[in-house]
Amino acid sequence: MKIPSRPGRENSLDGDTMTPMIDVVFLLLVFFICASVGSTADKLLPAELNGSSTSSLEPAPRPQPDKWEHPPVQIRIEVSQQGSNPIAVFLDDQPLPGIEALSQRLTNLAVADLSTRIILNIDDEVEVQQFILIYDLCQKLKFDNVSFAVRRPN
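This note's numbering puts the first residue of the sequence shown at 68, with every later residue one more than the last.
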């Protein structure tokens with residue numbers, strides 16, 4: 068018995084066997100299009116490349132530190148034994164003629180860096196009024212870090 072065949076169909080290499088493969092390729096295409104829509108494209112800045120050399124004529128700059136830190140400023144006030152001024156003022160162990168000179172130096176320092184750490188080292192014999200005057204000066208200049216030096220008890 069002979070199986071009837073359609074006219075014009077003599078082999079199995081026609082389009083019917085290609086349909087599943089076309090479906091798979093189409094589904095892969097749809098998948099990659101949908102996947103690429105959700106991602107953000109990397110944008111590059113335009114850059115002109117001069118030559119093909121990888122070396123530079125100028126040396127690379129040294130990396131800068133994150134923050135410049137300098138030692139704290141120490142203000143020492145003692146009772147003066149000589150002269151007409153009742154107190155002696157020292158800024159980092161350098162004697163100053165008075166509170167006016169200290170005020171000028173602190174103003175210059177405040178312009179340069181308000182985060183400078185200031186340590187007030189006040190002698191026990193200094194009047195509270197003089198001490199408060201210098202502390203108020205530091206507060207008026209808006210220094211961020213004003214500390215007081217203390218001595219350990221014997």
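Built from N, CA and C at the ideal position, the CB exists for glycine as well.
Where residue i sits in the DSSP three-state scheme
i      : result
Glu145 : strand
Leu208 : coil
Asn188 : strand
Pro162 : strand
Other residues of its chain near residue i: CB distance less than 8 Å, five sequence neighbours each side excluded
i      : result
Val193 : Ile144, Glu145, Val146, Ile154
Anticipated Cβ contact below 8 Å, residue i with residue j, distance rounded
i      : j      : result
Ile201 : Pro139 : With 8 Å as the limit, Ile201 and Pro139 do not qualify as a contact, their Cβ atoms being about 15 Å apart.
Residues near residue i by beta carbon distance below 6 Å, same chain, minus five either side
i      : result
Pro233 : With the chain running from 68 to 221 in the structure shown, residue 233 is simply not present.
Asn152 : Gly165
Cβ shell of residue i (< 7 Å), same chain only, five flanking positions each side left out
i      : result
Phe210 : Ala177, Leu181, Thr183, Ile185
Ser170 : Leu204
Gln197 : Ile144, Ile154
Proximity below 9 Å, CB of residue i to CB of residue j
i      : j      : result
Leu163 : Gln141 : no
Ala168 : Asn188 : no
Gln206 : Val213 : yes
Closer than 9 Å to chain B by CB, residue i
i      : result
Gln148 : Among the protein chains of the structure shown there is no chain B, as only one such chain exists.
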